[in-house]
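**Student:** In the UniProt record's numbering, the protein residues as written are 1 to 251. Note that the Cβ used here is the ideal one computed from N, Cα and C, for glycine as well. Just so it is clear, the structure is predicted and the values come from calculations on it, not from any experiment. Mind looking over this structure? Questions follow.
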Amino acid sequence: MRIDILTIFPEFFSVLDVSLVGKARQSGLIDLRVHNLRDHTHDRHNTVDDTPYGGGAGMVMKPEPWGEALDEIIGEVSVGAACDEAGPDAGPILIFPSPAGELFTQKMARSLAEEPNLVFGCGRYEGIDQRVFDHYAAAGRVRLISLGDYVLNGGEVAVMAMIEAIGRLIPGVVGNPESLVEESHEDGLLEYPSYTKPSSWRGHDVPAVLLSGNHGAIAAWRREQQLERTGRVRPDLLPPANSEPAAKTRE
Ligand code: SAM
Numbered sequence: 001m002r003i004d005i006l007t008i009f010p011e012f013f014s015v016l017d018v019s020l021v022g023k024a025r026q027s028g029l030i031d032l033r034v035h036n037l038r039d040h041t042h043d044r045h046n047t048v049d050d051t052p053y054g055g056g057a058g059m060v061m062k063p064e065p066w067g068e069a070l071d072e073i074i075g076e077v078s079v080g081a082a083c084d085e086a087g088p089d090a091g092p093i094l095i096f097p098s099p100a101g102e103l104f105t106q107k108m109a110r111s112l113a114e115e116p117n118l119v120f121g122c123g124r125y126e127g128i129d130q131r132v133f134d135h136y137a138a139a140g141r142v143r144l145i146s147l148g149d150y151v152l153n154g155g156e157v158a159v160m161a162m163i164e165a166i167g168r169l170i171p172g173v174v175g176n177p178e179s180l181v182e183e184s185h186e187d188g189l190l191e192y193p194s195y196t197k198p199s200s201w202r203g204h205d206v207p208a209v210l211l212s213g214n215h216g217a218i219a220a221w222r223r224e225q226q227l228e229r230t231g232r233v234r235p236d237l238l239p240p241a242n243s244e245p246a247a248k249t250r251e
């Protein structure tokens with residue numbers, strides 16, 4: 001997968017040189033390129049923002065640097081082999097992190113992990129001039145994606161979180177693919193609690209069923225734990241049939 005990131009803070013992304021994403025870059029599974037939006041400005045101060053039309057506090061990111069930078073990246077990506085193979089609808093997905101976007105989910109991460117090209121645009125200040133989204137939405141696939149119902153200073157941290165979530169789902173990035181299956185949100189529920197050695201620590205014992213060797217009993221216990229935890233912490237995730245018993249557990 002090729003991933004392009006546009007930002008005014010390229011240095012943020014040095015952490016993507018380490019851990020699993022770093023290894024995936026080294027092995028060529030992920031081709032990640034970080035671009036400085038200020039390289040697409042043409043004034044002495046490399047200005048990327050201006051005051052909002054209609055008044056109000058803060059500054060808005062100007063459309064021109066975004067247009068120039070995105071045209072260049074899309075042009076480069078579109079002549080690449082991956083796009084040619086994927087057919088005429090293909091082209092990179094442009095992802096703009098935004099608290100006003102659709103909520104990022106594991107399901108979304110799975111679907112984005114199948115794309116050959118993703119381009120992330122990191123907003124700052126009060127965000128990006130709306131016409132940038134409108135312009136590229138007309139030409140291709142634009143998504144505004146929120147990490148959650150809170151406001152960050154910029155899109156960089158949100159993009160890093162999304163790349164971690166998407167990157168680990170690209171085949172080959174995580175050594176044992178089975179470890180991706182039994183995880184929170186994969187089957188819609190939160191994961192059961194995990195334990196390792198020693199079997200007793202500071203007076204806390206590992207649940208006996210996990211030491212029993214009885215795989216059926218272990219699977220049943222884990223399922224029960226998933227439902228209990230999800231009902232207690234995130235009842236909104238429970239399928240309707242399970243809502244009532246889980247609510248009782250909380251009392
Ligand atoms: N004025 C914007 C609003 O109220 O929707 C918030 C702008 S925020 C200070 C600056 C940038 O941070 C946004 O353009 C976006 O890129 C990023 N950002 C902030 N919160 C985010 C969130 N919850 N999810 C994803 N990106 C976020």
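What are the partner residues of Leu-189, as DSSP defines its beta bridges?
**Tutor:** In the sequence shown, counting from the first residue as 1, residue 189 sits at position 189. The partner list for Leu-189 (beta bridge, DSSP) is empty, contrary to what the question assumes.
**Student:** Hey, is Arg-143 close to the ligand SAM, as in C-beta under 7 Å from one of its heavy atoms?
**Tutor:** Taking the sequence shown and counting its residues from 1, one reaches residue 143 at position 143. False, no ligand heavy atom lies under 7 Å from that Cβ.
**Student:** So the candidates are Ile-218, Gln-225 and Thr-196; which of them puts its Cα closest to the Cα of Ser-184?
**Tutor:** Counted from its first residue, the sequence shown places residue 184 at position 184. It is Gln-225.
**Student:** Run through the DSSP bridge pairs and tell me what Asn-36 is partnered with.
**Tutor:** Counting from 1 along the sequence shown, the entry for residue 36 is found at position 36. Bridge partners of Asn-36: Thr-7.
**Student:** Need the endpoints of the beta strand (DSSP E) that Leu-70 sits in, please.
**Tutor:** For the purposes of this step, residue 70 is identified with residue 70 of the sequence shown, where counting begins at 1. Careful: Leu-70 lies outside any beta strand (DSSP E), inside the alpha helix (DSSP H) at 63-78.
**Student:** Note down the Cα distance separating Val-157 from Val-34, rounded to an integer number of angstroms.
**Tutor:** Within the sequence shown, the letter at position 157 stands for residue 157. Within the sequence shown, the letter at position 34 stands for residue 34. Near 14 Å, if we compare the C-alpha coordinates of Val-34 and Val-157.
**Student:** Does the beta-carbon of Tyr-136, which I'm using as the reference point, lie nearer than 7 Å to any heavy atom of the ligand SAM?
**Tutor:** Indexing the sequence shown from 1 puts residue 136 at position 136. Not under cutoff, so the answer is no.
**Student:** Could you tell me which residues DSSP pairs with residue 264 in its beta bridges?
**Tutor:** With the chain covering 1 to 251 only, the question about residue 264 has no answer from this structure.
**Student:** Restricting to Cα atoms, I'd like to know which of Val-15, Gly-28 and Leu-16 is closest to Arg-2.
**Tutor:** If you number the sequence shown from 1, residue 2 lands on position 2. Comparing Cα-Cα distances from Arg-2 to each of Val-15, Gly-28 and Leu-16, the minimum goes to Gly-28.
**Student:** Using beta-carbon positions only, say whether Gly-167 and Val-173 come within less than 8 Å of one another.
**Tutor:** Translated into the one-based positions of the sequence shown, residue 167 becomes position 167. Translated into the one-based positions of the sequence shown, residue 173 becomes position 173. Against a cut-off of 8 Å, the Cβ pair of Val-173 and Gly-167 comes out as a contact.
**Student:** For Ile-5, is the beta carbon positioned less than 7 Å from some heavy atom of the ligand SAM?
**Tutor:** The residue given as residue 5 occupies position 5 in the sequence shown. No, the ligand SAM has no heavy atom inside 7 Å of this Cβ.
**Student:** I'd like the span of the beta strand (DSSP E) that includes residue 281, first residue to last.
**Tutor:** Because the chain here runs from 1 to 251, residue 281 falls outside it and cannot be looked at.
**Student:** So which residues touch the region around the ligand SAM, with touch meaning a C-beta under 6 Å from any heavy atom?
**Tutor:** Qualifying residues come out as Pro-97, Ser-98, Pro-99, Ala-100, Cys-122, Gly-123, Arg-124, Glu-126, Gly-127, Ser-146, Leu-147, Gly-148, Tyr-150, Val-151, Leu-152, Asn-153, Gly-154, Gly-155 and Ala-158.
**Student:** Judging by CA-CA distance, which residue of Ala-139, Ala-69 and Val-209 is the nearest neighbour of Phe-120?
**Tutor:** As a position in the sequence shown, residue 120 is number 120, starting the count at 1. When only C-alpha atoms are compared, the closest one is Ala-69.
**Student:** Quick check: Leu-144 and Glu-102, are their CB atoms within less than 8 Å of each other?
**Tutor:** Walking along the sequence shown from the start, residue 144 turns up at place 144. Walking along the sequence shown from the start, residue 102 turns up at place 102. Contact flag set, yes.
**Student:** Name the two residues that bound the continuous alpha helix (DSSP H) containing Glu-156.
**Tutor:** Taking the sequence shown and counting its residues from 1, one reaches residue 156 at position 156. 156-167 is the extent of the alpha helix (DSSP H) around Glu-156.
**Student:** Any contact between the region 12-22 and the region 35-50? By contact I mean 3 or more CB pairs, one from each, below 8 Å.
**Tutor:** The region 12-22 is not in contact with the region 35-50.
**Student:** Kindly give me the distance between the Cβ atoms of Arg-141 and Ile-93, rounded to whole angstroms, as I take these residues to be in contact under 8 Å.
**Tutor:** Mapped onto the sequence shown, residue 141 falls at position 141. Mapped onto the sequence shown, residue 93 falls at position 93. Contact holds; Cβ gap of about 5 Å.
**Student:** Which same chain residues, not among the five before or five after Asp-84, have their C-beta less than 7 Å away from its C-beta?
**Tutor:** As a first step, residue 84 is located in the sequence shown; it is residue number 84 there, counting from the start. Unreliable placement is indicated for Asp-84, whose pLDDT of 48 sits below 50; no coordinate value is reported for it.
**Student:** Alpha carbons only, please: which of Thr-196, Ser-199, Gly-91 and Ala-161 is nearest the one belonging to Ala-137?
**Tutor:** Residue mapping note: residue 137 aligns to position 137 of the sequence shown, counting from 1. Comparing Cα positions, the closest option is Gly-91.
**Student:** Please report the distance separating the alpha-carbon of Pro-245 from that of Leu-237.
**Tutor:** Position 245 of the sequence shown, counted from the start, is the residue given in the question as residue 245. Position 237 of the sequence shown, counted from the start, is the residue given in the question as residue 237. Low per-residue confidence applies at Pro-245: pLDDT is 47, beneath 50, and the placement is therefore not dependable enough to give any value.
**Student:** When you compare each of Gly-123, Arg-131 and Leu-6 to Asp-72 by their alpha carbons, which one comes out closest?
**Tutor:** If you number the sequence shown from 1, residue 72 lands on position 72. Per the sequence presented here, residue 72 reads as Glu, with Asp not at that position. Of the candidates Gly-123, Arg-131 and Leu-6, the one whose C-alpha sits nearest the C-alpha of Glu-72 is Leu-6.
**Student:** Can you give me the start and stop residues for the alpha helix (DSSP H) that Met-108 sits inside?
**Tutor:** Position 108 of the sequence shown, counted from the start, is the residue given in the question as residue 108. Run containing Met-108: 106-112, per the alpha helix (DSSP H) assignment.
**Student:** Quick check: Gly-155 and Gly-123, are their CB atoms within less than 8 Å of each other?
**Tutor:** Here residue 155 refers to the residue found at position 155 of the sequence shown. Here residue 123 refers to the residue found at position 123 of the sequence shown. In this structure, Gly-123 lies closer than 8 Å to Gly-155 by Cβ.
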